[in-house]
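These protein sequence lines are chains A and B, in that order. UniProt numbering puts the first residue of the first sequence at 1, with every later residue one more than the last. UniProt numbering puts the first residue of the second sequence at 1, with every later residue one more than the last. C-beta atoms are modelled at their ideal positions from N, C-alpha and C, and glycine is treated no differently. Notes follow once the structure below has been shown.
Protein chains: 2
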Amino acid sequence: MERIERIREFGGWLERYTHDSTVCNCRMTFSVYLPPQAEAAAVPSVYFLSGLTCTDDNFRVKAGAQRYAAELGLALVMPDTSPRGEQVADAPDRYDLGQGAGFYINAAHEPWAAHYRMFDYVNLELPALVERTLPLIPGRRSITGHSMGGHGALISALKNPGLYRSVSAFAPICNPVESGWGRGCFAAYLGDDPACWKDWDATELIRAGAEPMPLFIDQGTDDEFLLEGQLRPEALSQACKERGIPLILRMQPDYDHSYHFIGTFIGEHLAYHARALTARS
Amino acid sequence: MERIERIREFGGWLERYTHDSTVCNCRMTFSVYLPPQAEAAAVPSVYFLSGLTCTDDNFRVKAGAQRYAAELGLALVMPDTSPRGEQVADAPDRYDLGQGAGFYINAAHEPWAAHYRMFDYVNLELPALVERTLPLIPGRRSITGHSMGGHGALISALKNPGLYRSVSAFAPICNPVESGWGRGCFAAYLGDDPACWKDWDATELIRAGAEPMPLFIDQGTDDEFLLEGQLRPEALSQACKERGIPLILRMQPDYDHSYHFIGTFIGEHLAYHARALTARS
């Protein structure tokens, strides 16, 4: 693990690292924000998973989250959205497949399966690495994300009961097997049988009996991708209702899909996670 | 004036406009953030002038300022950094001259003088336009900026006594006639005689007897442009000392020149301006 950047921010440090990933079989980049409290003692972590086309840079530059993290004493862990590199399969004419579009799943079909294992990367390899080397309390994690990354946060929590103290999402792709983005990626990464896709879909996981945990979601009503049916919070809401899973789904009037929307509500999400992360367990 | 974008943020609206500028003799773009308070009554404005290579977009995306503006009831007015367009003179191989590098002065030499009149644009034309058309209290303005824009904020305040209630800056170019950036632009825009440049230099204006007003500046100690002598806060500090002008110059340990630095301290700057803007006059 090599530190390639270190920037002073809100009394803490915004750092960027690269490392050889065994899981993704390539060099990976991530960022982490260490709040001032991490100088004295290890702190809890909130993982933020970004959306299509993003890298580890978008959230750290655009969301204004570091201010809240500094106030709350939380580290922010910001992974990339896919494996990268010349040897990594890509669809250069597509923004919604290949590099920048890992979908936080483990691909099963070539040429993708050789590198596209973002689920294991985000949930296993990266936490083990950062908790071994940085002042983070081992195992004390929550997770959130935006759009494709909101989907990633939801399936990470639902498929790993007990691993995250809390989960939230901004405008997540709630039911990717029924969205154009999800179907396009899942067909490539997982193969043609839609039955195999459901194991990577928050709504389908809940329908299939995932262990209940509270879900907290913000969604803008003027989000163009909501309007074109990519996000489907109504399907998730219905599944939660049928299973008795507590869902806070806030439809935020007039808000869109941008980081201006995320920035408006990230403070409330981090406060929500801080409560879970600092509760006695 | 045409509104080309409107984004919900922190309960207010982030808007972008284009208009035909008489002063710059071209189509200009700017952004404005209207806080929730502007729905009920006109609000005071803080102008933010960006640095080299920026447009009106950088500050609105990267600084996290809208949260504070919403709390404080301030509008943010975010102009572009230069005239733009195919017909506008440029130095395409230079990031520090031409489009994106207007330096907030009025050029006197061709080919620049036909469009590069950012001083009059920022201090006269744009405020008149936005105060006529948006819910902003006429004449109730403060100004701040970053790097080249910090220089712009300082000269705007010093050359227009009484026009701004308060002025602050982030890592400003304090003494451009002695910096590589400033000399390069001033020689092009103003001609070869350095005597003509001093009228657009905050330190020189103070030395020459500018009317005293308090100055508030944050400067990171690990700012690469400080270290290479582009910014020269020590020269401004000396000039203020000689003239008895109150200067708060905070050298912020370890901070760099980036928007992560601006984001860390913008809240304190906006609170400073809010106090000046809401004081009885």
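Item	Value
What residues from the region 218-233 of chain A come within 8 Å of chain B, judged by C-beta to C-beta, listed N to C?	G220 and D222
Are the C-beta of A/I7 and some C-beta of chain B separated by less than 7 Å?	yes
Decide if A/T133 is buried, meaning its Cβ has at least 16 other Cβ atoms within 10 Å, or exposed.	exposed
What do you get for B/Y95, buried or exposed, if any count of 16 or more other CB atoms within 10 angstroms of its CB means buried?	exposed
According to DSSP, is A/A38 helix, strand or coil?	helix
Output, in chain order, the set of chain A residues within a Cβ distance shorter than 7 Å of B/T264.	E9 and F10
Quickly, what does DSSP pair A/Y33 with across the bridge? List them, please.	A/L14 and A/L76
Please return the same chain residues whose Cβ sits closer than 8 Å to the Cβ of B/G100, not counting the five positions on each side in sequence.	L52, T53, C54, T55, T81 and S82
Residues bridged to A/R27 by DSSP?	A/D20
Under the three-state reduction of DSSP, which class applies to B/L97: helix, strand or coil?	coil
Which value, in whole angstroms, describes the spacing of the CA atoms of A/T264 and A/C174?	21 Å
Return helix, strand or coil for A/R60, following the three-state DSSP convention.	helix
Against B/K62, what residues of chain A qualify as contacts under a CB-to-CB distance less than 7 Å, listed in chain order?	V61 and K62
Residues in its own chain within less than 6 Å of B/Q219 by CB, not counting five upstream and five downstream?	A171, P233 and M251
Per DSSP, what are the beta-bridge partners of A/Y47 in this structure?	A/V77 and A/I143
On the DSSP bridge assignment, give the partners of B/A169 in chain order.	B/I217
With a cut-off of 8 Å, do at least 3 Cβ pairs link the region 31-48 of chain B to the region 64-83 of chain A?	no
Can you give the Cα-Cα distance for B/R117 and B/G64, rounded to whole angstroms?	29 Å
Interface residues of chain B around A/Y255 at Cβ under 9 Å?	I7, R8 and E9
Got a sec: is the Cβ-Cβ distance from B/L14 to anything in chain A below 7 Å?	yes
Please look up how many angstroms separate the CB atoms of B/R141 and B/A276, rounded, as I've assumed it's under 8 Å.	Not a contact, Cβ separation roughly 10 Å.
Pull out every residue of the region 177-208 of chain A whose Cβ sits closer than 9 Å to any Cβ of chain B, in chain order.	none
What separation, rounded to the nearest whole angstrom, lies between the Cα atoms of A/S21 and A/F119?	13 Å
Does any CB atom of chain B fall closer than 7 Å to the CB of A/H273?	no
With a threshold of 8 Å on Cβ separation, who are the neighbours of A/H109 within its own chain once the five nearest residues in sequence on each side are excluded?	A188, Y189, L190 and G191
Which stretch, first to last residue, makes up the beta strand (DSSP E) that contains A/M251?	L247 to Q252
The beta strand (DSSP E) that contains A/R3, what's its start and end?	E2 to E9
Give the DSSP bridge partners of A/R117, in chain order.	A/N106
In whole angstroms, what separates the C-alpha of A/L227 from that of A/A89?	31 Å
Taking Cβ positions only, does B/H260 come closer than 7 Å to chain A?	yes
Quick check on A/L136: does DSSP put it in helix, strand or coil?	strand
In this structure, how does DSSP classify B/R232 when only helix, strand and coil are distinguished?	coil
What in chain B is Cβ-close to A/R67, meaning under 9 Å?	G64, R67, G263, T264 and G267
How would you label B/I155, buried or exposed, when you count the other beta carbons within 10 angstroms and need 16 or more for buried?	buried
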